[in-house]
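Peer 1: Submitted below is the structure of interest, expressed as structure tokens.
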Amino acid sequence: MSNRIVRGTLLLTAAGYISRFLGMIYVIPLNALVGAKGMALYSYAYIPYTVLLSLSSVGIPPAISKIVAKYNSLGLYKTGYRVFRLSFYFMILTGIAAFLLLFFAAEPIAHMIVASKDPKGNTVEDVTKVIQMVSFALIVVPAMSAVRGFFQGHQTMEPTAVSQVVEQIVRISFVLIAGFVVIVIFDGSYVTAVSFATFAAFIGALGSVVILIKFWNGKKDLFYENIAKQRKTVTLSTKDLLLEMFSYAIPFILVGIATPLYQFIDLFTFNRAMEAIGLSDISELSFAAIHVNGNKLIVIPVMIATGMSLTLVPSLTESFTKRMHQKLISEINLAVQIVLLFVVPAVFGLIALAPEAYGSLFSMNDLNITGSLLAWSAPLAIVLALFTVSAAILQGINEQRFAIVSLSAGFIIKLSLNSVLIHTFGAKGSIFATALAVGIASFLNLWRIKSVLHMSFVQTYKRGLFIFIFSILMYIAVIVSKWLLGFFMPFDESRLFATLMLGIGVFIGIIVYFFFTYKSTLLDAVLGDTTIMEKIRGKLRAN
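Okay, so the sequence shown: first residue is 22 according to my numbering, each after it adds one.
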């Protein structure tokens with residue numbers, strides 16, 4: 022795999038990790054300020070917002086990346102720039118429309134979310150307020166993401182990476198300052214604090230816009246220079262460009278909406294199903310553990326797949342357009358292998374350290390419930406990562422329409438089994454339904470890739486088997502260390518010791534896994550002659 026793809030993946034993954042890490046850490050003081058009910062209320066606003074965000078973007082930002090990469094590879098820079106301008110103005114209109122829709126539909130949505138009139142739970146008025154507050158971000162985010170897509174189409178990942186991190190820093194700063202002022206200084210309600218926390222999405226987006234403007238001012242001369250040097254001419258009407266853009270965009274929206282869509286199903290079925298089996302007293306606690314706090318940990322390994330997918334689309338599009346078949350096959354196999362190399366051990370580590378991770382980062386209360394739900398949720402990272410990467414590959418080889426088929430199959434499974442599995446297994450049933458849905462969608466995507474390209478995944482299967490074996494050995498090492506340290510540290514009772522155990526467990530896991538993957542040459546085989554491997558070899562030789 023080329024250094025360009027690995028570098029882009031690592032850059033976007035690093036930005037994703039920083040953003041997710043910040044998003045995970047700020048939940049600790051926010052949870053202390055607003056409590057479990059406040060965190061559940063927070064999620065009630067963000068899930069419909071995420072769905073509307075995907076709908077308002079109509080899949081155009083990644084479609085821009087694909088189209089710009091395609092026309093750039095053909096030397097038609099002016100056409101790619103025309104597509105960007107059309108999509109940017111369109112994103113402004115759809116963002117405003119989505120804002121108006123979510124703002125005025127907030128109360129009907131709230132009525133569907135709140136399961137009962139339990140005075141101990143969040144009210145319809147509370148949910149309505151936070152949904153309306155988060156809706157303002159829709160005015161800015163879609164148009165901003167169009168600019169990111171244009172940069173990615175030029176295989177320039179820095180603007181996306183930096184703007185993501187800045188957006189998160191600004192958003193979190195606003196959340197915590199506003200929460201502290203409301204709760205501590207003015208002794209206000211948690212509902213008001215959560216309302217400001219959701220409005221922070223709009224403030225963070227403004228911070229990201231500032232960064233993107235700076236990058237644009239630094240890169241625009243190069244873009245205009247490429248357009249001026251273009252010697253080829255092509256006549257494409259605005260209608261033709263829009264039709265091409267939407268032909269790519271519609272499958273993209275379905276891929277982008279996958280996870281929020283599954284959460285959306287839970288949003289309207291989870292509380293009612295839990296109430297039906299007599300578990301309404303732990304319903305909001307479980308919902309927050311799965312979809313708010315737990316989800317922040319699950320998506321950390323998935324960030325590798327997200328970074329990989331954003332880097333892959335323009336690169337695979339270029340290889341596919343130029344009919345470089347062997348290069349295409351090699352990039353696809355190695356993309357899946359890189360995802361497995363990092364995601365699988367992260368999942369096993371999270372399973373082993375689930376109670377410590379949840380307790381140290383969020384709350385030591387009810388760890389028998391929350392820690393268990395986190396452990397059951399951890400494997401979702403593997404299927405979510407595979408779905409993200411396989412969908413990106415489909416987009417790169419112009420088979421993005423098949424994503425409609427795979428996602429539809431997953432949606433039907435989640436919708437039909439969610440309540441049934443919750444009735445059977447309790448809160449874990451929601452996790453099982455999601456795992457089945459995403460797992461089948463991922464399998465269908467990989468099958469389609471194999472069929473279209475007549476390629477083999479045998480090498481990936483073999484290396485994947487070693488990855489699972491080494492991850493199991495790492496898991497055993499972490500469990501043994503927990504057992505031994507348990508004689509000296511009550512990490513199931515003390516947050517300080519839970520945090521210490523988490524740090525020690527992560528360190529031991531990384532060392533054990535790295536030892537096996539490096540000594541077996543698996544790490545070398547997957548990452549190959551990349552800059553990162555050269556640095557690793559250099560460090561080891563020096564020592």
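We treat Cβ as the ideally placed atom computed from N, Cα and C, and that holds for glycine. Everything numeric in this text was worked out from a predicted model, so none of it was measured.
Who are the Cβ neighbours of S463 in its own chain at under 7 angstroms, not counting the five residues just before and after it?
Peer 2: Sequence index remark: in the sequence shown, residue 463 carries index 442 (1-based). For S463, where only same-chain residues beyond five positions count, the Cβ hits under 7 angstroms are V404, L407, F408, S411.
Peer 1: Quick one: residues in its chain with C-beta nearer than 6 angstroms to the C-beta of A519, no 5 flanking neighbours on either side, listed in chain order?
Peer 2: In the sequence shown, residue 519 corresponds to position 498, counting from 1. These residues qualify, in order along the chain: E377, G380, S381, F512.
Peer 1: Under a Cβ-count criterion, where at least 16 other Cβ atoms within 10 Å of its own Cβ denotes burial, should V441 be classed as buried or exposed?
Peer 2: Taking the sequence shown and counting its residues from 1, one reaches residue 441 at position 420. When all chains shown are included, V441 counts as exposed.
Peer 1: For the alpha helix (DSSP H) holding F535, just list the boundary residues, first then last.
Peer 2: Start at 1 with the first residue of the sequence shown, and residue 535 comes out as number 514. Unbroken alpha helix (DSSP H) run through F535: 516-540.
Peer 1: Nearest CA to the CA of I649: which residue from V202, G485, V499, K449?
Peer 2: This structure leaves residue 649 out entirely; the chain is present only between 22 and 564.
Peer 1: Can you check which of these residues, V161, F536, T100, is closest to T115 by C-alpha distance?
Peer 2: Mapped onto the sequence shown, residue 115 falls at position 94. The shortest C-alpha separation from T115 is found at V161.
Peer 1: Can you tell me whether I418 is helix, strand or coil according to DSSP?
Peer 2: What you label residue 418 is simply residue 397 of the sequence shown in a count that begins at 1. If DSSP states are grouped into helix, strand and coil, I418 belongs with coil.
Peer 1: Does DSSP classify K343 as helix, strand or coil?
Peer 2: As a first step, residue 343 is located in the sequence shown; it is residue number 322 there, counting from the start. Residue state, collapsed to three classes: coil.
Peer 1: Let me know the secondary structure DSSP gives S184 once reduced to three states.
Peer 2: Taking the first residue of the sequence shown as position 1, residue 184 is located at position 163. Helix.
Peer 1: Per the contact definition of three or more C-beta pairs closer than 8 angstroms, is the segment 337-352 in contact with the segment 360-375?
Peer 2: no
Peer 1: From T552 to A546, what does the alpha carbon distance come to, in whole angstroms?
Peer 2: Start at 1 with the first residue of the sequence shown, and residue 552 comes out as number 531. Start at 1 with the first residue of the sequence shown, and residue 546 comes out as number 525. A caution first: T552 carries a pLDDT of 48, below 50, which makes its placement in the model unreliable, though a value can still be read off. Spanning the two alpha carbons is a distance of roughly 14 angstroms.
Peer 1: Spatial neighbours of S156 within its chain, please: CB distance less than 6 angstroms, with the 5 preceding and 5 following residues excluded, ordered by chain position.
Peer 2: Sequence index remark: in the sequence shown, residue 156 carries index 135 (1-based). Excluding sequence neighbours, S156 sits near F120, L123, F124.
Peer 1: Counting along the chain, where does the alpha helix (DSSP H) carrying Y496 start and finish?
Peer 2: Locating residue 496 in the sequence shown gives position 475, where the first residue counts as 1. For Y496, the uninterrupted alpha helix (DSSP H) segment begins and ends at 479-506.
Peer 1: Are G447 and L300 closer than 8 angstroms when you measure CB to CB?
Peer 2: Position 426 of the sequence shown, counted from the start, is the residue given in the question as residue 447. Position 279 of the sequence shown, counted from the start, is the residue given in the question as residue 300. Yes, the pair counts as a contact, with Cβ atoms nearer than the cut-off.
Peer 1: Taking the Cβ atom as the reference point for each residue, do V313 and Y482 lie within a distance shorter than 8 angstroms?
Peer 2: As a position in the sequence shown, residue 313 is number 292, starting the count at 1. As a position in the sequence shown, residue 482 is number 461, starting the count at 1. No, these two residues do not count as a Cβ contact at 8 angstroms.
Peer 1: Exposed or buried, which one is E514 when buried takes at least 16 other CB atoms within 10 Å?
Peer 2: Indexing the sequence shown from 1 puts residue 514 at position 493. E514 comes out exposed.
Peer 1: If G530 and V499 are in contact, beta carbons under 8 angstroms, what's the gap, nearest whole angstrom?
Peer 2: The residue labelled residue 530 in the question sits at position 509 within the sequence shown. The residue labelled residue 499 in the question sits at position 478 within the sequence shown. Right, the Cβ-Cβ distance comes to about 5 angstroms (below 8 angstroms), so this counts as a contact.
Peer 1: Report the option in M495, S384, F478, T177 whose CA atom is closest to the CA atom of V55.
Peer 2: In the sequence shown, counting from the first residue as 1, residue 55 sits at position 34. Out of M495, S384, F478, T177, S384 has the C-alpha closest to the C-alpha of V55.
Peer 1: To which residues of the same chain is G485 closer than 6 angstroms at the C-beta, ignoring the five residues directly before and after it?
Peer 2: On the sequence shown, residue 485 is found 464 positions in, with the first residue counted as 1. Same-chain partners within the cutoff: L361.
Peer 1: So G200 and F217 are in contact, right, with Cβ under 8 angstroms, and what is the actual spacing, rounded?
Peer 2: Stepping through the sequence shown from its first residue, residue 200 is reached at position 179. Stepping through the sequence shown from its first residue, residue 217 is reached at position 196. 7 angstroms between Cβ atoms; contact.
Peer 1: Check whether the Cβ atoms of A61 and N143 lie closer than 8 angstroms to each other.
Peer 2: Start at 1 with the first residue of the sequence shown, and residue 61 comes out as number 40. Start at 1 with the first residue of the sequence shown, and residue 143 comes out as number 122. Taking 8 angstroms as the Cβ cut-off, A61 and N143 qualify as a contacting pair.
Peer 1: Pull up the distance between the alpha-carbon of A96 and that of H175, whole angstroms please.
Peer 2: Your numbering for residue 96 matches position 75 in the sequence shown. Your numbering for residue 175 matches position 154 in the sequence shown. With the sequence shown as reference, residue 96 is identified as Gly, and Ala is not the correct amino acid for it. Going by the C-alpha atoms only, they are around 12 angstroms apart.
Peer 1: Work out the CA separation of L395 and L401 for me, nearest whole Å.
Peer 2: Here residue 401 corresponds to residue number 380 of the sequence shown, with the count starting at 1. Here residue 395 corresponds to residue number 374 of the sequence shown, with the count starting at 1. Computed Cα separation, rounded: 10 angstroms.
Peer 1: With K471 as the anchor, note down where its alpha helix (DSSP H) starts and where it stops.
Peer 2: As a first step, residue 471 must be located in the sequence shown, where it is residue number 450. That run of the alpha helix (DSSP H) goes 449-474.
Peer 1: Using the C-alpha atoms, what's the distance from Y102 back to S451?
Peer 2: Looking up residue 451 in the sequence shown gives position 430. Looking up residue 102 in the sequence shown gives position 81. Going by the C-alpha atoms only, they are around 44 angstroms apart.
Peer 1: Locate the alpha helix (DSSP H) running through H132, then write down its first and last residues.
Peer 2: On the sequence shown, position 111 is the one that residue 132 refers to. Element bounds for H132: 127-134.
Peer 1: Between I497 and I414, is the Cβ-Cβ spacing less than 8 angstroms?
Peer 2: Within the sequence shown, the letter at position 476 stands for residue 497. Within the sequence shown, the letter at position 393 stands for residue 414. No, the pair does not count as a contact, with Cβ atoms beyond the cut-off.
Peer 1: Excluding the 5 residues preceding and the 5 following V135 in the sequence, name in chain order all residues of the same chain whose CB lies nearer than 8 angstroms to its CB.
Peer 2: Looking up residue 135 in the sequence shown gives position 114. Answer for V135: G142, N143, T144, V145, V148, N292, listed in chain order.
Peer 1: Drop a sphere of 10 angstroms on the beta-carbon of K87, count the other beta-carbons inside from all chains shown, and report buried for 16 or more, exposed for fewer.
Peer 2: Residue numbering aside, residue 87 sits at position 66 when the sequence shown is read from its first letter. Answer is buried; the Cβ neighbour count reaches 16.
Peer 1: Would you report the Cα separation of M165 and F432, rounded to the nearest angstrom?
Peer 2: Position 144 of the sequence shown, counted from the first residue, corresponds to residue 165. Position 411 of the sequence shown, counted from the first residue, corresponds to residue 432. If I take the Cα positions, the gap works out to 29 angstroms.
Peer 1: With D242 as the anchor, note down where its alpha helix (DSSP H) starts and where it stops.
Peer 2: Translated into the one-based positions of the sequence shown, residue 242 becomes position 221. Start and end: 211-250.
Peer 1: With a CB to CB cut of under 7 angstroms and the five nearest residues on each side skipped, what residues in its chain are close to Q153?
Peer 2: Indexing the sequence shown from 1 puts residue 153 at position 132. Closer than 7 angstroms at Cβ, skipping near neighbours: F124, A127.
Peer 1: In angstroms, rounded to a whole number, what distance separates the CA positions of I311 and T455?
Peer 2: Taking the first residue of the sequence shown as position 1, residue 311 is located at position 290. Taking the first residue of the sequence shown as position 1, residue 455 is located at position 434. The straight-line gap from Cα to Cα measures roughly 11 angstroms.
Peer 1: Give the C-beta separation of I286 and N439 to the nearest angstrom, bearing in mind that I take them to be a contact with Cβ-Cβ under 8 angstroms.
Peer 2: Taking the first residue of the sequence shown as 1, we reach residue 286 at position 265. Taking the first residue of the sequence shown as 1, we reach residue 439 at position 418. The pair is a contact, with the Cβ atoms about 6 angstroms apart (cut-off 8 angstroms).
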